[in-house]
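So the sequences go chain by chain: A and B.
The numbering of the first sequence is numbering that gives the first Met the number 0, which starts it at 0 and goes up by one.
The numbering of the second sequence is numbering that gives the first Met the number 0, which starts it at 0 and goes up by one.
2 protein chains.
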Amino acid sequence: MSRSHEPATRVAGADLQTFMERALARCEADEASCRAVARALVTASRMGTDSHGLRLLPHYVRAVQGGRINPRPAMRFTRRLPGTGYLDADDGFGHLAGFTAIEHAISMAEEIGIGAVAVGRSSHFGAAGCYALEAAQRGYVGLSVCNADALVSLHHGQGPFYGTNPIAFAAPVPNQPPYLLDMATSSIPWNRVKQYAAIGRELPPDVVVDRQGNLTTDASQAVSLLPLGGADFGFKGAGLAGMVEVLSATLTGMIHGFRMLPMSGEDMSTPRGVGHFFLVMRPDAFVERDIFDRGMLDYLEDLRAQPALEGREVLAPGDREWRCQARRDAEGIPLDSANVVAYAELAEELAMPALS
Amino acid sequence: MSRSHEPATRVAGADLQTFMERALARCEADEASCRAVARALVTASRMGTDSHGLRLLPHYVRAVQGGRINPRPAMRFTRRLPGTGYLDADDGFGHLAGFTAIEHAISMAEEIGIGAVAVGRSSHFGAAGCYALEAAQRGYVGLSVCNADALVSLHHGQGPFYGTNPIAFAAPVPNQPPYLLDMATSSIPWNRVKQYAAIGRELPPDVVVDRQGNLTTDASQAVSLLPLGGADFGFKGAGLAGMVEVLSATLTGMIHGFRMLPMSGEDMSTPRGVGHFFLVMRPDAFVERDIFDRGMLDYLEDLRAQPALEGREVLAPGDREWRCQARRDAEGIPLDSANVVAYAELAEELAMPALS
Numbered sequence: 000m001s002r003s004h005e006p007a008t009r010v011a012g013a014d015l016q017t018f019m020e021r022a023l024a025r026c027e028a029d030e031a032s033c034r035a036v037a038r039a040l041v042t043a044s045r046m047g048t049d050s051h052g053l054r055l056l057p058h059y060v061r062a063v064q065g066g067r068i069n070p071r072p073a074m075r076f077t078r079r080l081p082g083t084g085y086l087d088a089d090d091g092f093g094h095l096a097g098f099t100a101i102e103h104a105i106s107m108a109e110e111i112g113i114g115a116v117a118v119g120r121s122s123h124f125g126a127a128g129c130y131a132l133e134a135a136q137r138g139y140v141g142l143s144v145c146n147a148d149a150l151v152s153l154h155h156g157q158g159p160f161y162g163t164n165p166i167a168f169a170a171p172v173p174n175q176p177p178y179l180l181d182m183a184t185s186s187i188p189w190n191r192v193k194q195y196a197a198i199g200r201e202l203p204p205d206v207v208v209d210r211q212g213n214l215t216t217d218a219s220q221a222v223s224l225l226p227l228g229g230a231d232f233g234f235k236g237a238g239l240a241g242m243v244e245v246l247s248a249t250l251t252g253m254i255h256g257f258r259m260l261p262m263s264g265e266d267m268s269t270p271r272g273v274g275h276f277f278l279v280m281r282p283d284a285f286v287e288r289d290i291f292d293r294g295m296l297d298y299l300e301d302l303r304a305q306p307a308l309e310g311r312e313v314l315a316p317g318d319r320e321w322r323c324q325a326r327r328d329a330e331g332i333p334l335d336s337a338n339v340v341a342y343a344e345l346a347e348e349l350a351m352p353a354l355s
Numbered sequence: 000m001s002r003s004h005e006p007a008t009r010v011a012g013a014d015l016q017t018f019m020e021r022a023l024a025r026c027e028a029d030e031a032s033c034r035a036v037a038r039a040l041v042t043a044s045r046m047g048t049d050s051h052g053l054r055l056l057p058h059y060v061r062a063v064q065g066g067r068i069n070p071r072p073a074m075r076f077t078r079r080l081p082g083t084g085y086l087d088a089d090d091g092f093g094h095l096a097g098f099t100a101i102e103h104a105i106s107m108a109e110e111i112g113i114g115a116v117a118v119g120r121s122s123h124f125g126a127a128g129c130y131a132l133e134a135a136q137r138g139y140v141g142l143s144v145c146n147a148d149a150l151v152s153l154h155h156g157q158g159p160f161y162g163t164n165p166i167a168f169a170a171p172v173p174n175q176p177p178y179l180l181d182m183a184t185s186s187i188p189w190n191r192v193k194q195y196a197a198i199g200r201e202l203p204p205d206v207v208v209d210r211q212g213n214l215t216t217d218a219s220q221a222v223s224l225l226p227l228g229g230a231d232f233g234f235k236g237a238g239l240a241g242m243v244e245v246l247s248a249t250l251t252g253m254i255h256g257f258r259m260l261p262m263s264g265e266d267m268s269t270p271r272g273v274g275h276f277f278l279v280m281r282p283d284a285f286v287e288r289d290i291f292d293r294g295m296l297d298y299l300e301d302l303r304a305q306p307a308l309e310g311r312e313v314l315a316p317g318d319r320e321w322r323c324q325a326r327r328d329a330e331g332i333p334l335d336s337a338n339v340v341a342y343a344e345l346a347e348e349l350a351m352p353a354l355s
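Right, dumping it as structure tokens:
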């Protein structure tokens with residue numbers, strides 16, 4: 000672990016990956032689970048998606064130690080029709096379920112142009128973008144969505160009903176990193192509310208409500224996130240969360256988010272029944288590949304050439320992430336002081352070498 | 000045409016449909032085109048989606064008379080792989096392209112569980128919801144998206160880049176009308192800006208920008224819509240618009256919205272090269288149908304039982320539309336005074352019986 004001129008401790012992605020795999024192996028996780036979780040968390044941390052990166056490892060260790068997550072799942076894939084299938088994740092890690100499902104979706108898409116996999120009996124899968132990205136890096140268009148426990152209000156509702164139900168979409172771009180959208184259907188994540196409450200910082204207007212369902216900027220009073228669009232246009236964000244719910248819960252036969260045990264709840268022994276949904280398409284199943292490739296390049300060239308507001312920059316989905324990844328690959332991935340402590344404690348508890 | 004106690008003139012859906020079909024037939028449109036356009040517009044007007052309903056007929060008549068839209072297209076569908084296909088719409092009406100494409104997607108989904116159709120060389124297709132709805136009414140999950148000419152800013156961008164690029168998603172619900180989300184990826188439609196400018200009404204904050212890219216609530220100063228999420232979180236709305244652009248333009252080999260001739264522009268003779276994308280899935284290609292059905296019912300029951308803000312109501316996607324449809328089916332579809340005049344002029348110009 001080397002120190003840069005910035006206050007954060009920095010660590011190489013490969014070292015982080017090794018540490019994570021070892022830590023999970025100490026919890027009896029099988030090799031495939033260790034690899035999948037570490038890969039998803041390192042991918043997210045390299046891209047700067049810190050909320051879904053390395054900070055989650057201690058949580059996953061608790062969940063697998065408590066029995067909520069099955070460390071050695073026997074995941075079963077059933078190809079129900081030529082373009083569709085169901086993956087029973089056997090209460091294993093969502094990351095292994097995600098990479099397994101996207102692999103099946105890619106293989107169906109390769110054969111018949113499109114493939115979709117619904118995943119049931121799964122758990123938190125980290126950043127939704129990891130799985131759509133895997134498809135795009137292999138030359139396909141990918142979509143991944145997931146439901147979650149209730150943190151987000153309905154439009155005109157008082158308290159939380161939906162999870163932050165993310166939508167991730169990725170597409171290949173010739174000689175460039177993929178096009179990558181990975182967004183929660185709320186304006187901000189719950190994690191930010193907790194951070195702001197801890198330091199007494201004011202939230203932006205129109206993103207959270209208090210116990211009575213009224214808008215507040217006081218993070219300590221927040222009990223529910225508003226859907227994207229806020230108090231006036233939140234029917235759109237809530238509608239998108241609903242689409243994700245239908246795909247991730249109804250189409251997988253799982254419980255919907257409102258009935259789901261909270262990810263950060265006390266109960267670390269009961270599987271939560273999370274569902275995911277993945278879609279993969281071959282671009283040349285629709286148009287000739289060179290036309291698709293040229294179209295992506297022309298569109299992104301026009302997009303990046305748009306005049307920006309003063310002091311601002313216009314970016315394509317993914318641009319910020321790839322820039323961060325290049326920087327973190329060169330300088331290392333930063334750990335804040337809380338994570339330095341958490342990782343040191345984890346090493347001690349699991350009687351394994353510290354992250355270095 | 001009967002007058003209710005409300006100021007609006009009201010007309011029965013069936014009479015409206017007949018008038019529309021006749022008007023388009025007078026413009027040499029073939030029977031399939033006449034039927035498809037009228038069906039899409041009446042469906043939207045019955046549901047209360049007035050921006051995409053009857054008011055569009057005079058526009059379509061001009062577009063087909065001017066040669067922008069081909070009244071007798073030879074649309075060609077190619078099933079490129081078992082789950083995917085391409086529909087060349089031959090510059091015909093987008094509505095005919097939409098119903099044709101969703102039919103092919105349904106038939107592929109029936110056979111292999113899922114079907115997707117990219118449509119190129121098309122035109123404005125009215126409300127995206129019509130086509131997703133058609134799938135849901137037949138028992139499938141449906142998605143339809145479409146790109147459009149530039150009206151919406153990029154996040155941190157100065158002027159318009161994306162169209163209002165709508166996303167429509169529908170799913171069947173046992174013994175209830177379908178679940179239906181149909182939303183533009185901007186907060187408000189451009190049409191509303193024009194209406195508010197005409198009557199000097201102030202817009203809500205955070206939905207439009209002026210020539211310099213600064214926020215304004217003065218509709219007469221608006222030159223671009225903000226993406227859903229507004230000035231702070233518009234990267235999400237713009238990201239969704241981008242996903243729609245990739246599906247509707249890149250995957251169809253069409254021009255992206257920024258390069259597209261404006262729908263409301265002077266040029267009524269040049270085809271615009273609009274693209275659409277449709278996806279259909281069989282629920283029982285993922286889980287047993289009774290599990291899916293029970294899941295939809297349980298989810299919607301919980302949703303509709305959520306406590307609402309005082310004086311407000313919690314609604315599922317589509318609830319508002321089905322309520323409006325029931326009312327309009329009973330009372331008739333309202334025409335405001337501008338549409339009464341426009342329809343009378345149309346009847347005269349086309350030498351056909353007035354709407355009655």
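Heads up, the beta-carbon is just placed ideally off N, CA and C, and yes, glycines get one too.
C-alpha gap between residue i and residue j, whole angstroms
{"i": "alanine 149 (chain B)", "j": "valine 207 (chain B)", "result": "14 Å"}
{"i": "histidine 103 (chain B)", "j": "proline 261 (chain B)", "result": "29 Å"}
{"i": "proline 188 (chain B)", "j": "proline 203 (chain A)", "result": "25 Å"}
{"i": "alanine 350 (chain B)", "j": "alanine 39 (chain B)", "result": "24 Å"}
{"i": "leucine 179 (chain A)", "j": "glycine 128 (chain A)", "result": "7 Å"}
{"i": "phenylalanine 285 (chain B)", "j": "glycine 272 (chain A)", "result": "16 Å"}
{"i": "methionine 295 (chain B)", "j": "valine 172 (chain B)", "result": "6 Å"}
{"i": "methionine 19 (chain B)", "j": "alanine 31 (chain B)", "result": "13 Å"}
{"i": "glutamate 330 (chain B)", "j": "alanine 135 (chain A)", "result": "51 Å"}
{"i": "phenylalanine 98 (chain A)", "j": "glutamate 287 (chain A)", "result": "28 Å"}
{"i": "arginine 120 (chain A)", "j": "glycine 317 (chain B)", "result": "29 Å"}
{"i": "leucine 227 (chain B)", "j": "alanine 221 (chain B)", "result": "16 Å"}
{"i": "glutamate 133 (chain B)", "j": "arginine 303 (chain B)", "result": "24 Å"}
Sequence-distant residues of the same chain with beta carbon closer than 6 Å to residue i, five excluded per side
{"i": "alanine 100 (chain A)", "result": "Leu86, Val116, Val118, Phe277"}
{"i": "arginine 71 (chain A)", "result": "Asp29"}
{"i": "histidine 154 (chain A)", "result": "Gly233, Phe234, Ala237"}
{"i": "tyrosine 161 (chain B)", "result": "Val151, Ala240, Gly256"}
{"i": "arginine 393 (chain B)", "result": "Here chain B covers residues 0 to 355 and nothing more, so residue 393 (chain B) does not appear."}
{"i": "tyrosine 342 (chain A)", "result": "Leu354"}
{"i": "alanine 346 (chain B)", "result": "Ala353"}
{"i": "serine 50 (chain B)", "result": "Pro188, Asn190"}
Endpoints, the beta strand (DSSP E) within which residue i is located
{"i": "proline 177 (chain A)", "result": "175 to 182"}
{"i": "methionine 280 (chain A)", "result": "273 to 280"}
{"i": "proline 159 (chain B)", "result": "159 to 161"}
{"i": "cysteine 145 (chain B)", "result": "140 to 145"}
{"i": "leucine 334 (chain B)", "result": "332 to 334"}
Outcome for residue i when other beta-carbon atoms lying within 10 angstroms are tallied against a minimum of 16
{"i": "serine 143 (chain A)", "result": "buried"}
{"i": "arginine 34 (chain A)", "result": "buried"}
{"i": "threonine 8 (chain A)", "result": "buried"}
{"i": "asparagine 338 (chain B)", "result": "buried"}
{"i": "aspartate 328 (chain B)", "result": "exposed"}
{"i": "glutamine 211 (chain A)", "result": "exposed"}
{"i": "serine 122 (chain B)", "result": "buried"}
{"i": "asparagine 69 (chain B)", "result": "buried"}
{"i": "arginine 61 (chain B)", "result": "exposed"}
{"i": "valine 313 (chain A)", "result": "buried"}
{"i": "glycine 264 (chain B)", "result": "exposed"}
{"i": "glutamine 194 (chain B)", "result": "exposed"}
{"i": "proline 306 (chain A)", "result": "exposed"}
{"i": "threonine 77 (chain A)", "result": "exposed"}
Proximity test, residue i beta-carbon vs the ligand GTP heavy atom, cut-off 7 Å
{"i": "glycine 229 (chain A)", "result": "With respect to the ligand GTP, the structure offers nothing, as it holds no ligand at all."}
Unbroken alpha helix (DSSP H) run spanning residue i, endpoints
{"i": "serine 121 (chain B)", "result": "First-last for serine 121 (chain B): 113 to 121, but that is the beta strand (DSSP E), not the alpha helix (DSSP H)."}
{"i": "threonine 17 (chain A)", "result": "12 to 25"}
{"i": "threonine 42 (chain B)", "result": "30 to 46"}
{"i": "arginine 79 (chain A)", "result": "No alpha helix (DSSP H) holds arginine 79 (chain A); the beta strand (DSSP E) holding it covers 75 to 80."}
{"i": "proline 57 (chain A)", "result": "56 to 65"}
{"i": "leucine 132 (chain B)", "result": "128 to 136"}
Beta-carbon contacts of residue i that lie in its chain and below 7 Å, excluding the five residues immediately before and after
{"i": "glutamate 244 (chain A)", "result": "Asn146, Tyr161, Asn164, His255, Gly256"}
Inter-residue CB distance, residue i and residue j (contact presumed, cutoff 8 Å)
{"i": "serine 185 (chain B)", "j": "leucine 224 (chain B)", "result": "4 Å"}
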